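**Q**
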Amino acid sequence: MEAPAAPGRAAGSDGVDGLAQEPSEAVDVGRVQGEFVALHQDVLRELSSSPYEATALLWLALKQAELHRPEEPPEIRNYQLGFLLAPSFFLTPSEFTEAVDRLEARGFVDRGRRVRCVDQPRGGPRRGAPGPARPPADAVERGQSHLGRRADDHLSFRLTPMRGPGPARPRRGSTIIRPVCLTTDRLILFLWEVLMPSAITYTRFGGPEVLTFSEVDMPQPAAHEVRVRVRAAAVNPLDNKIRRGELAGVFPAEFPITPGMDVAGVVDAVGDAVSGIALGDEVFGVATGGAYAQYALLGGPVVKPQGLSWEVAAALATVGETAFRALKHLDVRGGQTLLIHGAAGSVGAIAVQLAVARGVTVIGTAGAADLERVTGLGATAVLYGDGMVERVRAAAPQGIDAVLDTSGAGVLPQSIELAGGPERVITLADMSAAQYGVRFTGMDPSDRAPEALPELAELAAAGKLTVPIWRTYPLAEAARAHADIDTRRNRGKIVLLP
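First residue of the sequence shown: 17, per the numbering used here; consecutive thereafter.
1. Would you tell me roughly how many angstroms separate the C-alpha atoms of residue 304 and residue 312, rounded to the nearest one?
2. Label residue 300 either buried or exposed according to how many other C-beta atoms from any shown protein chain fall within 10 Å of its C-beta, with 16 as the threshold for buried.
3. Could you tell me the distance, in whole angstroms, from the CA atom of residue 355 to the CA atom of residue 337?
4. Just grab the DSSP bridge partners of residue 455 for me.
5. What does residue 353 pair with, by DSSP beta-bridge criteria?
6. Using a Cβ distance threshold of 8 Å, determine whether the stretch 459-472 contacts the stretch 432-443, with at least three qualifying pairs required.
7. How about residue 281 and residue 306: are their beta carbons less than 8 Å apart?
8. Taking the Cβ atom as the reference point for each residue, do residue 214 and residue 369 lie within a distance shorter than 8 Å?
9. Per DSSP, what kind of secondary structure is residue 266 in: helix, strand or coil?
10. Is it buried or exposed for residue 353, if we count other Cβ within 10 angstroms and need 16 for buried?
11. Output the distance between the C-alpha atoms of residue 173 and residue 219, rounded to the nearest integer angstrom.
12. Decide yes or no for the touch test of the stretch 356-364 against the stretch 374-381: beta carbon pairs closer than 8 Å, at least 3 of them.
13. Have a look at 334, 344 and 289 and flag the residue whose alpha-carbon is nearest the alpha-carbon of residue 9.
14. Would you call the CB atoms of residue 246 and residue 514 closer than 8 Å?
15. Thinking just about the alpha-carbon of each residue, which of 414, 447 and 415 is nearest to the one in residue 428?
16. Compute the beta-carbon to beta-carbon distance between residue 350 and residue 374, rounded to the nearest angstrom, for a pair I have assumed lies under 8 Å.
17. Can you give me the C-alpha to C-alpha distance between residue 396 and residue 431, rounded to a whole angstrom?
18. Can you have a look at residue 291 and say buried or exposed, based on whether 16 or more other CB atoms are within 10 angstroms of its CB?
19. Between the beta-carbon of residue 3 and the beta-carbon of residue 321, is there less than 8 Å?
20. Here's the rule: buried if 16 or more other CB atoms are within 10 angstroms of the residue's CB, otherwise exposed. What is residue 225?
21. Excluding sequence positions up to five away, which residues of its chain have a Cβ less than 6 Å from the Cβ of residue 386?
22. In whole angstroms, give me the CA-to-CA distance for residue 479 and residue 366.
23. Given that a residue counts as buried once 16 or more other Cβ atoms are within 10 Å of its Cβ, and exposed if not, what is residue 421?
24. In terms of residues, what are the limits of the beta strand (DSSP E) holding residue 300?
25. Nearest to residue 274 by CA position, among 491, 341 and 506, is which residue?
26. Please name the residue or residues paired with residue 490 in a DSSP beta bridge.
27. Residue 260 and residue 221 look like a contact to me (Cβ under 8 Å); what is the Cβ gap, rounded to whole Å?
28. In the DSSP assignment, what residue or residues form a beta bridge with residue 420?
29. When the Cα atoms are used, what is the spatial distance from residue 308 to residue 335?
30. Can you name the start and end residues of the beta strand (DSSP E) that residue 231 belongs to?
31. Can you tell me which of 475, 342 and 297 puts its alpha carbon nearest to the alpha carbon of residue 455?
32. For residue 400, tell me which candidate among 268, 269, 436 and 382 has the shortest Cα-Cα distance.
33. So what does DSSP say about residue 362, is it helix, strand or coil?
34. Taking the alpha-carbon of residue 469 as reference, which of 264, 364, 324 and 117 has the nearest alpha-carbon?
35. Considering residue 313, what are the terminal residues of the beta strand (DSSP E) in which it resides?
36. First and last residue of the alpha helix (DSSP H) that includes residue 258?
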């Protein structure tokens, strides 16, 4: 096919111009979404190539329309809303760069790094049409100071979230940069002015309602960190306690806070001192600056096995390491008997499986609704509540060698009684541990077992370790996930998907 013609029609007069003929104060979301997806499919068919190229060309065309027709911002807002609503219209820096390079090689973008206008022939601008405007004198300097890098570097970007259907907001830069054609580096600068990554943040302690979906700065990795494009972020009960301010003495607040610890994603930036990890690697681990985000930083990334899902990888990080560490401290061995309180919870369920695999006899306490599930994990299930001590003794007449409390339900006195002393009891959740002489593990950053994650990931990928995923939510619905945990509705891990 004739290279420039087809996409010019699809992304230009027949596509972009036809997406929203009449600017309006309100946007019909369903219509815009449907038309935009159809438009992308038209471009994809005309290109006879990859969705990445279609997305890149369509986005370039839309930016041309925005710059060429600044007098119609509501229409442009519809174009932007289409990108926001349509699935999979999100490219990493490398994906965008490669797509533009392929388009350039095929003649849809000028070799001189100038985006060919959608309404001009391949040979150059139409007769009488203005040429490319020179960038403002301080464009590169602004780019360097705002972005912290050269203006011609390719950056990751994402559409700014809509605050709801309605009239367009004024866009920074839209009245300054008015070229008919854009060089690639200036296009990136322009995109960065209007596109920002998003995250869940809160500016005060409180209930789930304090969590908001916000624009944030792109996090930059330190020397020993990597940045990932987040594919999944797990929600932990600890996140809720921090949000409520219950642990302000342990985790000092520096608002705004991006919550979350456990994350899995694709590496898109690597610190200078990082080795063994490359761009594009699929990794998981504990975030150093919040996980409920489109981008997060990791200080000790672990490569994700191919057979491990994003959801399980994110869910495994904290609960898996915690269960592994607790068993390591208790040093339970094959032939011994371990009592686990909260055996149906996320940490408890993993601890049960790890202990059973080592030949340990496990007694697990749980509520009536979870007894069958605990039994399915390989433990002897015992109902908690009044009479629990007698039921445990009946289930384990040989006695209890160690106790792991994952529940924080005030069971330390009974646990000490069953184990014969506090030295064989560990709690992960009862803040009164010191009162009983019981070890509390989890608050000290040095009290970690990072060696656990690669081993646990391989076990999970091989189907030898089950991580219970109760439900997934879009990132923007983090407040709903927190409400589920606050009211104890969940029966397993909740994972957020950006």
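Ideal Cβ positions, reconstructed from N, Cα and C, are used throughout, including at glycine.
Quick caveat, the model's predicted, so the values are computed rather than measured.
**A** A quick look at the data gives this:
1. On the sequence shown, position 288 is the one that residue 304 refers to. On the sequence shown, position 296 is the one that residue 312 refers to. Cα to Cα, residue 304 sits roughly 8 Å from residue 312.
2. Taking the sequence shown and counting its residues from 1, one reaches residue 300 at position 284. Per the 10 Å Cβ criterion, buried.
3. The residue you call residue 355 lines up with position 339 of the sequence shown. The residue you call residue 337 lines up with position 321 of the sequence shown. Distance between the alpha carbons of residue 355 and residue 337: 19 Å.
4. The residue labelled residue 455 in the question sits at position 439 within the sequence shown. Its beta-bridge partners are 442.
5. Against the sequence shown, residue 353 aligns to sequence position 337. DSSP lists 377 as partners of residue 353.
6. no
7. Sequence index remark: in the sequence shown, residue 281 carries index 265 (1-based). Sequence index remark: in the sequence shown, residue 306 carries index 290 (1-based). No, these two residues do not count as a Cβ contact at 8 Å.
8. Here residue 214 refers to the residue found at position 198 when the sequence shown is read from its first residue. Here residue 369 refers to the residue found at position 353 when the sequence shown is read from its first residue. Their beta carbons are not under 8 Å apart, which means residue 214 does not touch residue 369 by this criterion.
9. Position 250 of the sequence shown holds residue 266. In the structure shown, residue 266 sits in coil (DSSP, three-state: anything other than H, G, I, E or B).
10. Here residue 353 refers to the residue found at position 337 of the sequence shown. Flag for residue 353 reads buried.
11. Reading the sequence shown from its first residue, position 157 is the one you call residue 173. Reading the sequence shown from its first residue, position 203 is the one you call residue 219. Bear in mind that the predicted position of residue 173 carries a pLDDT of just 26, short of 50, making it unreliable; the figure below should be weighed with that in mind. Cα to Cα, residue 173 sits roughly 24 Å from residue 219.
12. yes
13. An answer regarding residue 9 cannot be provided, because it is not within the stretch 17 to 514 covered by the chain.
14. In the sequence shown, counting from the first residue as 1, residue 246 sits at position 230. In the sequence shown, counting from the first residue as 1, residue 514 sits at position 498. Taking 8 Å as the Cβ cut-off, residue 246 and residue 514 qualify as a contacting pair.
15. To locate residue 428, count along the sequence shown from 1; it is residue 412. The shortest Cα separation from residue 428 among 414, 447 and 415 belongs to 447.
16. What you label residue 350 is simply residue 334 of the sequence shown in a count that begins at 1. What you label residue 374 is simply residue 358 of the sequence shown in a count that begins at 1. Indeed, because the Cβ distance is near 6 Å, the residues count as touching under 8 Å.
17. The residue given as residue 396 occupies position 380 in the sequence shown. The residue given as residue 431 occupies position 415 in the sequence shown. Cα-Cα distance, rounded: 17 Å.
18. As a first step, residue 291 must be located in the sequence shown, where it is residue number 275. Answer is exposed; the Cβ neighbour count stays below 16.
19. In the structure as shown, the chain begins at 17 and stops at 514. Residue 3 is therefore absent and cannot be evaluated.
20. On the sequence shown, position 209 is the one that residue 225 refers to. By the 10 Å Cβ count, residue 225 comes out exposed.
21. Counting from 1 along the sequence shown, the entry for residue 386 is found at position 370. Answer for residue 386: 360, listed in chain order.
22. For the purposes of this step, residue 479 is identified with residue 463 of the sequence shown, where counting begins at 1. For the purposes of this step, residue 366 is identified with residue 350 of the sequence shown, where counting begins at 1. Taking the straight line from one Cα to the other gives about 13 Å.
23. Counting from one through the sequence shown, the residue named residue 421 turns up at place 405. Burial call: buried.
24. Locating residue 300 in the sequence shown gives position 284, where the first residue counts as 1. Note, residue 300: beta strand (DSSP E), 298-302.
25. Taking the first residue of the sequence shown as 1, we reach residue 274 at position 258. Residue 274 has its Cα closest to that of 491, out of 491, 341 and 506.
26. If you number the sequence shown from 1, residue 490 lands on position 474. 513.
27. Stepping through the sequence shown from its first residue, residue 260 is reached at position 244. Stepping through the sequence shown from its first residue, residue 221 is reached at position 205. Confirmed, Cβ separation roughly 6 Å.
28. Along the sequence shown, read from residue 1 onward, the residue named residue 420 stands at position 404. Answer is 356 and 442.
29. Along the sequence shown, one-based indexing puts residue 308 at 292. Along the sequence shown, one-based indexing puts residue 335 at 319. Their Cα atoms are separated by approximately 17 Å.
30. For the purposes of this step, residue 231 is taken as the residue at position 215 of the sequence shown. Start and end: 228-231.
31. Locating residue 455 in the sequence shown gives position 439, where the first residue counts as 1. The shortest Cα separation from residue 455 among 475, 342 and 297 belongs to 342.
32. Reading the sequence shown from its first residue, position 384 is the one you call residue 400. The shortest C-alpha separation from residue 400 is found at 382.
33. The count along the sequence shown starts at 1 and reaches residue 362 at position 346. Three-state DSSP puts residue 362 in a helix.
34. Along the sequence shown, read from residue 1 onward, the residue named residue 469 stands at position 453. Of the listed residues, the one whose Cα sits closest to residue 469 is 324.
35. The sequence position of residue 313 within the sequence shown is 297, counting from 1. Looking at the DSSP string, the run of the beta strand (DSSP E) that includes residue 313 is 311-314.
36. For this step, residue 258 is matched to residue 242 along the sequence shown. Here the alpha helix (DSSP H) through residue 258 covers 253-260.
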